[in-house]
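> Take 4 as the starting number for the sequence shown in our numbering and just add one per residue.
A virtual CB, placed ideally from N, CA and C, is assigned to each residue, including glycine.
Quantities reported herein were computed from a predicted structural model and do not represent experimental measurements.
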Amino acid sequence: MTDTRLYRNGVLEAEGFPVEEVADRLADDVTVWVDLCGPSRSELAGLAHELGLHELAVEDAMQEHERPKCHIYDTHAFLTIYAVRLDQASGRLRTCEVDAFVTPKALVTVRADDHFDIRAVTDRWDGSAHLAGSGVGFLVHGLLDVVVDGHFDAVQALDEHIEELEDLVFSEQPSNRDVQKRALAMRRSLVTLRRVVLPMREVVNTLVRRDQAVVDATMAPYYQDVYDHVLRASEWTESLRDLVATIRDTQLNIQGNRLNLVMKKVTGWAAIIAIPTAVTGFYGQNVPYPGYDQPWGFWVSTTVMVVLSVGLYASFKRRDWL
């Protein structure tokens, strides 16, 4: 699947034209966007030959699970970035790799599948069409803005999940298995998000350098806004990782405290039960003792058991042992 656009003098002039026409159209003073979804190696190689793309960048675009980066070549820049989406039900983070070739007059995006909604990018471009005169810098900004907004949304959603996890930890009857399972899922998602978000600072910084000539004076404030969002998402991700670790430690402390409380109560009741056991054991000896054959002996032993048990219970209750 391919998608194309052509801007002339900041105005969208054509859409959906064949990829084979890209080289001819770039002969004019225009800006072109080409999106390749699941391209074959030969398709990408043909376009790379027409646009003069470096073979190492093409090789990286065909490989999956590359780290987020921005490599600068003689004729173009190559970006690898990741869009993310959080599964609300499981709390797991799903990533989608997007590669981009940034030339002076063209932006070529490459996706392995359609999990990334490229329509959101074109809608972002259409919503800020007054900036289209900035050429490729305008197109790259729209792509980065959508991806970074997705990072920010994922962090916010994870924050809400962690708040629910906190409530679950401090509930009256917490499910320790459920808490552990959700905490582990949150930790994995945050680790994945951190690997995706933190390198974006370097990616944006590389693009805005003056020697790259990608960002003009008009687009500079917009790239700074994207960079601010990257920083906020990075800091938020780090704080959430610490918070998940704190929640786990808190859960273990609460479990320990509850276990100590249970043991304290069990020990207290065991001490109370030991009194009648001792008294009945004493009176159960096979030797004569005062009152062993008299009714008052039974009542004396019963009274001793009741009085001592009640006294010990009151003493434990006053010390908050029961």
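1. Between Ser-192 and Leu-161, is the Cβ-Cβ spacing less than 9 Å?
2. If you follow the beta strand (DSSP E) that Leu-59 is in, where does it begin and where does it stop?
3. Comparing alpha-carbon positions, which option in Arg-197, Val-307, Asp-231 and Val-151 lies nearest Asp-245?
4. Is Val-310 near the ligand HEM, going by C-beta to nearest heavy atom under 8 Å?
5. Does the count of Cβ pairs from the region 199-216 and the region 121-130 closer than 8 Å reach three?
6. Specify the secondary structure class of Ala-86 as computed by DSSP and reduced to three states.
7. Whose C-alpha, out of Cys-73, Asp-77 and Ala-92, is nearest the C-alpha of Thr-83?
8. Three-state secondary structure (DSSP) at Ile-10?
9. If you drop the 5 nearest sequence neighbours on each side, which residues of the same chain put their C-beta closer than 7 Å to that of Gly-94?
10. Check whether the Cβ atoms of Leu-210 and Val-150 sit closer than 9 Å, and answer yes or no.
11. Could you spell out the range, first to last residue, of the alpha helix (DSSP H) harbouring Phe-319?
12. Within the same chain, show all residues whose beta-carbon is closer than 6 Å to that of Pro-279, passing over the 5 residues directly before and after it, in chain order.
13. Using CA coordinates, which residue listed in Thr-306, Asp-77, Asn-12 and Arg-88 is at the minimum distance from Asp-31?
14. On the DSSP letters alone, give me the boundaries of the beta strand (DSSP E) that Phe-104 sits inside.
15. In the DSSP assignment, find the beta strand (DSSP E) that holds Asp-38 and state where it starts and stops.
16. Using only CA atoms, which one of Pro-224, Lys-320 and His-133 lies nearest to Thr-270?
17. Taking the alpha-carbon positions, what's the Tyr-76 to Phe-119 distance?
18. Helix, strand or coil for His-118 per DSSP?
19. Work out the CA separation of Glu-53 and Arg-44 for me, nearest whole Å.
20. Do you know offhand how far Leu-96's Cα is from Asp-156's?
Answer, in terms of the structure:
1. As a working mapping, residue 192 is identified with position 189 in the sequence shown. As a working mapping, residue 161 is identified with position 158 in the sequence shown. Going by C-beta atoms, Ser-192 is nearer than 9 Å to Leu-161.
2. For the purposes of this step, residue 59 is identified with residue 56 of the sequence shown, where counting begins at 1. Note, Leu-59: premise wrong, no beta strand (DSSP E); alpha helix (DSSP H) at 58-65.
3. Taking the first residue of the sequence shown as 1, we reach residue 245 at position 242. Comparing alpha carbon positions, the residue from Arg-197, Val-307, Asp-231 and Val-151 closest to Asp-245 is Arg-197.
4. The ligand content of the structure shown is nil, which means the ligand HEM is not present either.
5. No, the region 199-216 is not in contact with the region 121-130.
6. Residue mapping note: residue 86 aligns to position 83 of the sequence shown, counting from 1. Residue state, collapsed to three classes: strand.
7. Taking the sequence shown and counting its residues from 1, one reaches residue 83 at position 80. Ranking Cys-73, Asp-77 and Ala-92 by CA distance to the CA of Thr-83 puts Cys-73 first.
8. Numbered from its first residue, the sequence shown carries residue 10 at position 7. A small fix is needed here, since residue 10 is Tyr in this sequence, not Ile. Strand, per DSSP.
9. Here the question's residue 94 lines up with position 91 in the sequence shown. Only His-164, Arg-185, Ala-188, Met-189 and Ser-192 meet the Cβ criterion.
10. Within the sequence shown, the letter at position 207 stands for residue 210. Within the sequence shown, the letter at position 147 stands for residue 150. It is not a contact, given that the beta carbons lie outside the stated cut-off.
11. As a first step, residue 319 must be located in the sequence shown, where it is residue number 316. Going by DSSP, Phe-319 is part of the alpha helix (DSSP H) stretching over 298-321.
12. For this step, residue 279 is matched to residue 276 along the sequence shown. Same-chain partners within the cutoff: Met-308.
13. Reading the sequence shown from its first residue, position 28 is the one you call residue 31. Looking at the Cα atoms, Asn-12 is the closest of the given residues.
14. If you number the sequence shown from 1, residue 104 lands on position 101. In the DSSP assignment, Phe-104 falls within the unbroken beta strand (DSSP E) covering 96-105.
15. The residue labelled residue 38 in the question sits at position 35 within the sequence shown. Note, Asp-38: beta strand (DSSP E), 34-40.
16. By 1-based counting over the sequence shown, the position of residue 270 is 267. Residue Lys-320 is the option with its Cα nearest to Thr-270.
17. Taking the first residue of the sequence shown as position 1, residue 76 is located at position 73. Taking the first residue of the sequence shown as position 1, residue 119 is located at position 116. Their backbone Cα atoms lie some 26 Å apart in a straight line.
18. Taking the first residue of the sequence shown as 1, we reach residue 118 at position 115. Looking at His-118 - three-state DSSP - the assignment turns out to be coil, as it is neither helix nor strand.
19. For this step, residue 44 is matched to residue 41 along the sequence shown. For this step, residue 53 is matched to residue 50 along the sequence shown. Spanning the two alpha carbons is a distance of roughly 14 Å.
20. Position 93 of the sequence shown, counted from the first residue, corresponds to residue 96. Position 153 of the sequence shown, counted from the first residue, corresponds to residue 156. Cα-Cα distance, rounded: 12 Å.
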